[in-house]
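Just so you know, we're using my numbering here: the sequence shown kicks off at 19 and counts up by one. Read the structure below first, then the notes.
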Amino acid sequence: MENPSVKELLEAGAHFGHHTSYWHPKMKRYIFAQRNGIHIIDLDQTVQMLQTACMFVRDIAARGQSVLFVGTKRQAQQVVEEEAKRCGMYYVNQRWLGGMLTNFGNIQARIDYLVRLEDRKDKGELDLLSKKERSRLEKKLAHLNDQMGGFKEMTSFPGAIFITDPLKDKIAVSEARKIGIPVVSIADSNCNPDQIDYPIPANDDAIKAIRLVSSKIADAVIEGRGLFASEQVDQAEQVAEETGEPVEMLRSYSFNPDED
């Protein structure tokens, strides 16, 4: 798990904060200077805090838990989807559904409806309906997939949540804090880092900076998943050795983030 250098962060524009009149005083300890009315983020601290965040995320994945990627603003949507898919995790890149964590049962009911509707389509049942009704349900299916497609297979709480902009997705931060899910997040100069368990001081508006940080979080997940898979193999081999019987190693090299 290789951390980006200060040079890489500079090239990504991660050091640019917001205008000095639009900042949060608690970010002062992460601000290096101000130039032309813009706060400059201390990238030496960014490197250290990103490393800490990545180690935490790796450990979460190594325990077989999932990490939910969240980024609903335009600059982050594609990055969040791509990086979450790359590391096999869930994501939210459209509107955050209120109660997604704090009213998990209700959201699961909506997901169940989505899954049933997909099943009906796969079986060709929608083709038996009238053109008007089929069109209505297909539009409904597309809408539900836009909303929940990134986490429709998530059947339990994630072990952590990674957020690209804690102000844009403040409801996600609030819900995670209410139920005790650790928050890992990019922290620009205008946010309150005390609301984040693992803040990563960086520009949350530049696409290159968002991608760089998100990719490192995804790399940490991948490394953690590898550790989890190795542990599962070791345990299976130990059981086989102790019992003297072959053990069917289903999913030996796969990862189910909802499985304890």
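In this text, a Cβ means the ideal position worked out from N, Cα and C, and glycines have one as well.
Residue i, DSSP secondary structure in three states
i, result
"ARG53", "strand"
"PHE169", "coil"
"TYR216", "strand"
"ALA30", "coil"
"HIS37", "strand"
"ILE199", "coil"
"LEU61", "helix"
"GLU20", "coil"
"ALA227", "helix"
"LEU268", "Only weak support exists for where LEU268 lies, its pLDDT of 47 falling under 50; the coordinates are left without a value."
Outcome for residue i when other beta-carbon atoms lying within 10 angstroms are tallied against a minimum of 16
i, result
"THR261", "exposed"
"GLU249", "exposed"
"LYS25", "exposed"
"LEU27", "buried"
"SER84", "buried"
"ASN221", "buried"
"ALA160", "exposed"
"TYR109", "buried"
"SER207", "buried"
"GLY89", "buried"
"GLY35", "buried"
"PRO184", "buried"
"ASP223", "buried"
Whole-angstrom distance between residue j and residue i, CA atom to CA atom
i, j, result
"SER23", "ASP62", "9 Å"
"ALA94", "ASN111", "8 Å"
"ARG269", "GLY198", "Only weak support exists for where ARG269 lies, its pLDDT of 46 falling under 50; the value from the coordinates is given anyway. Roughly 30 Å between the two C-alpha positions."
"GLU156", "VAL202", "36 Å"
"PHE122", "HIS57", "39 Å"
"VAL231", "ASN54", "26 Å"
"HIS33", "SER233", "17 Å"
"ILE189", "GLN165", "16 Å"
"ALA80", "ASN210", "29 Å"
"ILE228", "ASP215", "18 Å"
"ARG152", "ASP77", "46 Å"
"ASP60", "LEU135", "49 Å"
"ILE129", "LYS170", "6 Å"
"THR70", "GLN96", "25 Å"
"ILE125", "LEU162", "11 Å"
"GLU20", "LYS158", "43 Å"
The beta strand (DSSP E) enclosing residue i, as first and last residue numbers
i, result
"PHE180", "178 to 181"
Span of the alpha helix (DSSP H) around residue i
i, result
"PHE87", "Segment 85 to 88 is the beta strand (DSSP E) holding PHE87; no alpha helix (DSSP H) there."
"TYR48", "Note, TYR48: premise wrong, no alpha helix (DSSP H); not H, not E."
"PHE175", "Segment: none, PHE175 is in no alpha helix (DSSP H) and carries neither H nor E."
"GLU143", "Run containing GLU143: none; DSSP gives neither H nor E here."
"GLN93", "92 to 104"
*Does the region 89 to 107 touch the region 237 to 246, meaning 3 or more C-beta pairs lie closer than 8 Å?*
yes
*Count the CB pairs spanning the region 134 to 146 and the region 43 to 51 that are closer than 8 Å, and state whether there are at least three.*
no
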